[in-house]
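For reference, the structure is listed below as structure tokens.
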Amino acid sequence: MNKETIENWFKELQDQISTAISTTDGKAQFEEDIWTRPEGGGGRTRIIRNGHIIEKGGVNFSAVSGPTPDKILKALNIEASDFYATGVSIVMHPQSPMVPIIHMNVRYFEMSNGISWFGGGIDLTPHYVDRADAVHFHQQLKDICDQHHPDYHAQFKTWADDYFYIKHRKETRGIGGIFFDRLSTTEDISMEDRWAFVQSVGNTFAPLYTHFMTKNHAMAFGENEKQWQYLRRGRYVEFNLVLDKGTKFGLDTDGRTESILMSLPPQANWEYNFEVQPNSKEEETLSLLKKGIDWL
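Mind the numbering: the sequence shown is residues 79 to 374 in this note's numbering, read in order.
Following this line, the structure appears as structure tokens:
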């Protein structure tokens with residue numbers, strides 16, 4: 079296993095997911111934007127817009143390298159060295175408020191001083207939390223984790239609850255999922271083991287999300303649900319711009335701004351001092367945006 083093998087697999091993953099999403103959408107095709115980074119490397123940004131099911135989404139691949147920026151050196155508390163980072167990042171914003179937003183990222187990072195690790199995660203952000211959908215989502219992730227290590231699911235689910243938390247709102251971004259970072263060699267887990275796990279996470283995205291696309295896109299909704307969708311998208315924007323480490327890493331390493339900010343929805347609203355109606359679907363959803371819910 080070397081970085082070329084990892085990079086090529088991530089490119090294939092981008093191809094696989096792009097095909098699955100566009101096929102399931104049935105209308106829109108991905109637009110590809112190939113870019114280069116002056117300091118080293120580049121990527122392939124793929125955007126889908128105005129589809130039958132997906133209003134805006136991105137399936138991005140990148141492999142960038144060069145001198146490690148000072149901000150990252152300070153954050154990691156290490157001496158100057160070069161870095162290499164590659165991965166795939168995905169966000170889907172659907173037309174219908176009954177179809178959830180989804181995010182996945184799988185990545186590999188190494189430095190010239192010998193430090194290397196894998197990171198990533200997948201989480202679901204329904205505009206309306208449906209318990210059956212939540213159970214299906216979390217069960218799929220647990221099954222993947224359990225195939226690789228008995229401690230993975232509990233550890234990575236808690237990590238996701240803590241990471242995807244909008245602290246200034248005191249609510250989770252959605253229903254969580256799994257999140258992991260800086261996974262490297264331990265006494266009982268090799269880097270090959272870590273890589274196999276990351277591949278399993280990547281491979282689950284297409285069947286998992288196309289399930290929700292197919293199942294939910296024809297459900298009825300009205301103007302009330304659309305306005306709620308725009309408000310929930312606003313929360314998504316707040317997290318990504320204020321708290322997300324991936325956004326900060328991309329901007330700190332002079333990544334391509336358009337590609338980094340593809341995660342933002344095409345439209346979002348902020349209504350001053352908005353309050354949900356008692357006993358409404360919106361109130362029920364807010365009551366479930368909490369850490370530590372055992373969906374299984």
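All C-beta atoms, glycine included, are put in the ideal place defined by N, C-alpha and C.
Given the structure is predicted, the values throughout are model-derived calculations rather than measurements.
In this structure, Asp-330 sits near Pro-147, with a CB-CB distance shorter than 9 angstroms. Burial check for Ser-365: the Cβ neighbour count within 10 Å stays below 16, so the residue is exposed. Cβ contact annotation for Val-354 (same chain, cutoff 7 angstroms, sequence separation greater than five): Glu-360, Glu-361, Leu-364, in chain order. CA-CA distance, Met-291 to Asp-103, rounds to 8 angstroms.
Around Phe-139, the same chain offers Phe-88, Lys-89, Gln-92, Gly-121, Arg-122, Val-166 as residues with beta carbons nearer than 7 angstroms, after the five sequence neighbours per side are excluded. Ranked by how close their Cα comes to the Cα of Val-315, the residues Gln-225, Ser-341, Gln-173 have Ser-341 in first place. As computed with DSSP, Met-189 is found in a beta bridge with Phe-161. For Leu-261, the enclosing beta strand (DSSP E) covers residues 255-261. If you check the CB distance, Glu-133 and Pro-356 do not come in under 9 angstroms. In its chain, beyond the 5 residues on either side, Ile-95, Ile-168, Met-182, Ile-200 have a beta carbon closer than 7 angstroms to the beta carbon of Phe-283. Measuring C-alpha to C-alpha distances from Arg-310 to each of Lys-368, Arg-124, His-130, Trp-348 identifies Trp-348 as the nearest. Taking 9 angstroms as the cut-off, the Cβ atoms of Glu-85 and Ala-153 do not count as close.
Cβ-Cβ separation between Leu-374 and Lys-220: approximately 6 angstroms, consistent with a contact (criterion under 8 angstroms). As summarised for the stretch 235-312, the continuous beta strand (DSSP E) elements at least 3 residues long and confined to that stretch are 255-261, given in chain order. With three or more CB-CB distances shorter than 8 angstroms, the stretch 170-185 counts as touching the stretch 196-212. Contact annotation, Ile-256 with Ala-238: C-beta distance approximately 5 angstroms; criterion of less than 8 angstroms satisfied. With contacts defined by Cβ atoms closer than 9 angstroms, Asp-160 and His-227 do not form a contacting pair.
Within the stretch 317-350, the complete alpha helix (DSSP H) runs of at least 4 residues fall at 323-330, 335-338. Per DSSP, the unbroken alpha helix (DSSP H) holding Asn-86 starts and ends at 81-103. Here Val-315 carries a helix assignment [DSSP, helix/strand/coil]. Judged by DSSP in its simplified three-state form, Glu-117 adopts coil rather than helix or strand. Per DSSP, the continuous beta strand (DSSP E) segment holding Asp-201 begins and ends at 194-203.
Partner residues in the beta bridge of Val-184, as assigned by DSSP, are Val-166, Gly-198.
According to DSSP, Val-137 shares a beta bridge with Arg-124, Ile-168. Around the beta-carbon of Ile-338, 16 or more other beta-carbon atoms lie within 10 Å, marking it buried. Excluding residues up to 5 positions away in sequence, Trp-195, Phe-196, Arg-272 lie with their Cβ nearer than 6 angstroms to the Cβ of Leu-261 in the same chain.
According to the DSSP assignment, Leu-219 belongs to the alpha helix (DSSP H) that extends over 209-226. Residue pairing from DSSP places Val-142 in a beta bridge opposite Gly-119, Ala-163.
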